[in-house]
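Worksheet: the structure to be examined is printed underneath.
Residue numbers (my numbering): 213 to 743.
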């Protein structure tokens, strides 16, 4: 396949023929394996985090860095990918990282202390983060416009199906075979990916001279700024945000360096990240929708397991089984989306998908203590239907009008901001949940006082229960009754907090849906290069 030159950088050229060759499709599908495994890895690890922490002998607070270090590596490398793949060649760069990703994963399984695990996870994130935008870039550069919707649909499966099925796989493996096995499963698919990419991607020379021309000021400020911001978002809620001097200092670092990064990128002739692309109407609106969808996509995958674990006391495997209902229907629906894009205005498909996703969140705003796994079946199915119609149409709108020469830059910017939206969403929703739980707890506490007859009657009933179940002292039984009533209040406040959090996600998605109506209608086929 031929190549195009971007500011002196060789990249795969967009296919000129109406149909991609078998070789090109194999390369694209191999790239999708990498993107799927990279996204899956995050969710599998999060589902098994408590077991990993126990296995390496660390606590919950420090153990959170196992996930944070990976996400820092990922968020930093995504915008670097277009540049580094030009320096070292597209084929060489993706192959090296396709090999490093499973090797680092296997190494994590043999880590015996927190420090080693954090370093390995950070390096794994740096390798895994490469695979996501490069898979996206291959869709835009290897497939002709008429086939790009199908490629985007396959990419959508990676983005939405992997987070949904990840906790299921992670929970099952951890409960039955131990936490180490979650790091073994990357080996097989990665081997297939490496062989397929090695056989289908054309060799290209390295362009090491680009190292001298690199936007190093942008690279340094971006790396420091994003690392600080990601850490703030991951650790802020746990440390009570700006009550922590550590979070305050990191927030200042993030604000200063990201501001410098934006100024640099707008002034240099060859920027690391082409922020000017955001001036294009569809790309700007599409990126905004991607950020908001990222908030919701990663937010629901975070909030629902929290509810099932904290309120219903589900284990990792049980939580995974509930989340699987969101993933499996997408396998059937997403392949149909490219066909519908040929017949229906892609803006309305995107609006429909996001609106249905939003509806599924509003279906969870009336939670009660009786809402366990089975009660989430219908909302999760509705969510699956909506998600199936989100990523592919939104991406088609976002990339319409993007020249093939800008495909890699657009890919990096889109995926970075979607991931950043997910990080912002998870952090914000965690804080909203905490604050709303406190709010409802105070409101309920004000009405549950000993001055009310029904409260005293309830305590008497519970005291009698404890007296009849082994507590001989009346005062001790009454004290247990008061404590139990307090736990009931706390649980109810927590449930109401989760309801409010789902409502917030629903509103965020409603805004994203409306955003899509202001986009220009892409030409049939969509994708990069469609004008």
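Every residue, glycine too, gets a C-beta built ideally from N, C-alpha and C. In this text the structure is predicted, and so the values were computed from the model without any measurement.
Practice item. For residue 619, collect the residues of the same chain with a Cβ closer than 7 angstroms to its Cβ; drop the 5 residues on either side in sequence, then sort them by chain order. Key: 349, 352, 353, 740
Review point. With distances taken between CB atoms, is the gap from residue 469 to residue 433 smaller than 7 angstroms?
Key: yes
Practice item. Give the straight-line distance between the Cα atoms of residue 347 and residue 608, rounded to the nearest whole angstrom. Key: 15 angstroms
Exercise for review: Starting from the C-beta of residue 725, find all residues in its chain whose C-beta is less than 6 angstroms away, skip the five residues before and the five after it, and write them out in chain order.
Suggested key: 563, 566, 567
Exercise for review: Determine the burial state of residue 457: buried for a count of at least 16 other Cβ atoms within 10 Å of its Cβ, exposed for fewer.
Suggested key: exposed
Review point. With DSSP run on the structure shown, which of helix, strand or coil describes residue 582?
Key: coil
Practice item. Output the boundary residues of the alpha helix (DSSP H) element that contains residue 295. Key: 293-300
Point to revise | residue 649 vs residue 705 beta-carbon contact at 7 angstroms | key: yes
Exercise for review: List the whole-angstrom C-beta distance separating residue 559 from residue 733, where the pair is believed to meet the contact cut-off of C-beta under 8 angstroms.
Suggested key: 6 angstroms
Review point. Where residue 244 and residue 302 are concerned, what is the direct C-alpha to C-alpha distance, given to the nearest angstrom?
Key: 15 angstroms
Review point. Excluding sequence positions up to five away, which residues of its chain have a Cβ less than 6 angstroms from the Cβ of residue 690?
Key: 675
Check your understanding: At what residues does the alpha helix (DSSP H) containing residue 577 begin and finish?
Key -> That residue, residue 577, is in no alpha helix (DSSP H); it is neither H nor E in DSSP.
Review point. Skipping 5 residues on each side, what residues in its chain have a beta carbon closer than 7 angstroms to that of residue 483?
Key: 427, 430, 477
**Study point:** Nearest-angstrom beta carbon gap, residue 276 and residue 446 [assumed within contact, 8 angstroms]
**Key:** 7 angstroms
Exercise for review: State the DSSP-derived secondary structure class of residue 772, mapped to helix, strand or coil.
Suggested key: Limits of the chain in this structure are 213 at one end and 743 at the other, which puts residue 772 out of reach.
**Study point:** Cβ neighbours of residue 503 in the same chain (closer than 6 angstroms, five flanking residues each side left out)
**Key:** 629, 633
Check your understanding: For residue 606, is the classification buried or exposed, using 16 other Cβ atoms within 10 angstroms of its Cβ as the cut-off for buried?
Key -> buried
Review point. For residue 514, is the classification buried or exposed, using 16 other Cβ atoms within 10 angstroms of its Cβ as the cut-off for buried?
Key: buried
Practice item. Count the other CB atoms, across all protein chains shown, that sit within 10 Å of the CB of residue 228; report buried if there are 16 or more and exposed otherwise. Key: Legend: pLDDT at residue 228 = 48, less than 50; position of this residue unreliable, value from coordinates given subsequently. Classification for residue 228: exposed.
Check your understanding: Grouping DSSP H, G and I as helix and E and B as strand, with all else coil, what is residue 705?
Key -> helix
Point to revise | residue 661 in three-state terms, based on DSSP | key: coil
**Study point:** residue 396 - DSSP class collapsed to helix/strand/coil
**Key:** coil
Check your understanding: Buried or exposed: where does residue 588 fall if 16 or more other Cβ atoms within 10 Å of its Cβ makes it buried?
Key -> buried
Check your understanding: Can you tell which of 455, 444, 452 has the C-alpha that lies nearest to the C-alpha of residue 467?
Key -> 444
Exercise for review: Taking only the alpha-carbon atoms, compute the straight-line gap between residue 231 and residue 359 and give it to the nearest angstrom.
Suggested key: 7 angstroms
Review point. Using a Cβ-Cβ cut-off of 7 angstroms (strictly less than) and excluding sequence neighbours within five positions of residue 284, which residues of its own chain qualify?
Key: 334, 337, 439, 442, 443
Practice item. Give the range of the alpha helix (DSSP H) segment to which residue 253 is assigned. Key: 234-259
Practice item. Please name the residue in 388, 422, 293 whose C-alpha comes closest to that of residue 755. Key: Absent from the structure is residue 755, since the part of the chain shown begins at 213 and ends at 743.
Exercise for review: Pull up the distance between the alpha-carbon of residue 534 and that of residue 386, whole angstroms please.
Suggested key: 16 angstroms
Review point. Secondary structure at residue 451, three-state DSSP: helix, strand or coil?
Key: coil
Review point. Would you say residue 250 and residue 603 are within 7 angstroms of each other, going by their C-beta atoms?
Key: no
Exercise for review: May I ask you to report which of helix, strand or coil DSSP gives residue 652?
Suggested key: helix
Practice item. Quick one: using the 10 Å Cβ neighbour count with 16 as the cut-off for buried, is residue 662 buried or exposed? Key: exposed
Point to revise | Distance, residue 452 Cα to residue 464 Cα | key: 16 angstroms
Exercise for review: Taking residue 436 as the reference, give the member of 415, 413, 462 with the closest Cα.
Suggested key: 462
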